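Structure record follows, encoded as structure tokens.
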Amino acid sequence: MPDDSSDSPGGDDATATDPELGVGLFETDMGPSSALAHVYRGEIHRMKFWRERLDRTTNWAVVVMAAVLTWAFSGRSNPHYLLLVGVVALGAFLGVEARRYRGYDIWRSRVRTLQENVVAVGLAPGETSPDADWRERLARDYREPTIKVSAEEAIAHRLRRIYLPLSTVLLVAWVVRVTAFSPAAWPASAAIGSLPGVVVTAAVAATYGTAVAVACRPRTWHARGELREESLRKHD
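Going by our numbering, the letters in the sequence shown line up with residues 981 to 1216, in that order.
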């Protein structure tokens, strides 16, 4: 008795062996009402959703920083190390936001691929696509979505944009708190329990120096479509 499972919708490899599957879905003369327009709209929605997740984490960090600053300077008896606890909290938010940024970059890279190779070429028909293999690359990314930036690059990006300035504000406030608002002289005023002030100060300086090094070291950025200082210059 013949096996007609390949002719049924649920047959084994019914979709994998169909050579006509997807033919005509995307053509060279794609119009604004084509399937690609719906793909682009969907990627924009995903990118916007992950952008909002990034902003939400940033808002939490700013609220925590404001609360810590307010409480630390509300009375002379309040311990100075609460400002350092605030820095640790910012570090936790940084880790969460870096992970979200890596996810956000997946969708943004797809949007930038479509903008560079479809939208830009459509607006200037005389120009050619800057990436001859963009279809194959985008197809591979749809088959197997991959994270395109490392954790270190994501951390460096969020440090530059958000968390290094916030940490700087807290550390400057800590320095003011242990020098101008403490009855003891520095470095004794920076002590935390049995930890000498010199050790605490050295640990704070080393942590901040490491953050600056990670954020500012020369690197090749792999995140696509991100506006950076060097890319904001006007080209004639």
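Every residue, glycine too, gets a C-beta built ideally from N, C-alpha and C.
Bear in mind the structure is a predicted one, so any value in this text is a computation, not a measurement.
Per-residue DSSP class, three states only, for residue i
| i | result |
| --- | --- |
| I1086 | helix |
| I1127 | coil |
| T995 | Here the model assigns T995 a pLDDT of 45, short of 50, so the residue's position is not dependable, and the following value carries that caveat. Three-state result, T995: coil. |
| S985 | Any reading at S985 must be qualified, since the residue scores a pLDDT of 45, below 50, and its modelled position is unreliable; no value is offered. |
| M1010 | Low confidence applies here, because M1010 scores a pLDDT of 49, under 50, leaving its location unreliable and the question unanswered by this model. |
Contact under 9 Å by Cβ, residue i with residue j
| i | j | result |
| --- | --- | --- |
| V1158 | G1177 | yes |
| F1099 | T1108 | Residue identity check: residue 1099 is Val in the sequence provided, not Phe. Result no, Cβ atoms of V1099 and T1108 do not sit closer than 9 Å. |
| L1141 | C1196 | This sequence places Arg at residue 1141; Leu is not what is there. Their beta carbons are not under 9 Å apart, which means R1141 does not touch C1196 by this criterion. |
CA nearest to the CA of residue i, picked from the options
| i | options | result |
| --- | --- | --- |
| V1192 | W1154, I1024, A1171 and I1135 | I1135 |
| A1203 | A1046, V1129, R1033 and R1141 | V1129 |
| R1121 | V1044, L1094, V1184 and A1195 | According to the sequence provided, residue 1121 is Asp. The question's Arg does not apply to it. Residue L1094 is the option with its Cα nearest to D1121. |
| W1201 | L1118, A1078 and H1137 | H1137 |
| I1086 | C1196, A1153 and R1026 | R1026 |
| N1039 | V1076, A1168 and T1187 | V1076 |
| A1185 | V1152, R1199 and A1168 | V1152 |
| L1074 | R1021, V1042, W1166 and Y1020 | V1042 |
| G1106 | E1116, N1097 and W1114 | N1097 |
Beta carbon proximity, residue i to chain B, threshold 9 Å
| i | result |
| --- | --- |
| L1151 | Checking the listed chains, one finds no chain B in this structure; it contains a single protein chain. |
Alpha carbon of residue i to alpha carbon of residue j, nearest angstrom
| i | j | result |
| --- | --- | --- |
| L1062 | V1091 | 42 Å |
| A1131 | A1046 | 27 Å |
| E1133 | S1089 | 15 Å |
| T1050 | P1125 | 44 Å |
| L1150 | E1023 | 37 Å |
| R1080 | I1127 | 11 Å |
| G1189 | V1155 | 15 Å |
| L1118 | H1018 | 15 Å |
| A1160 | R1123 | 59 Å |
| T1187 | V1194 | 11 Å |
| S1169 | V1044 | 24 Å |
| A1078 | A1015 | 33 Å |
| V1180 | Y1020 | 51 Å |
| W1166 | K1028 | 48 Å |
| G1083 | L1175 | 40 Å |
| A1182 | P1198 | 25 Å |
| P1163 | V1065 | 21 Å |
- [ ] Check whether the segment 1055-1071 touches the segment 1020-1039, taking contact to mean three or more Cβ pairs, one atom from each stretch, closer than 8 Å.
- [x] These segments do not touch.
Open item on the list: I want to know whether the segment 1141-1150 touches the segment 1062-1075 - three or more CB-CB distances under 8 Å.
Closed with: They touch, by the three-pair rule.
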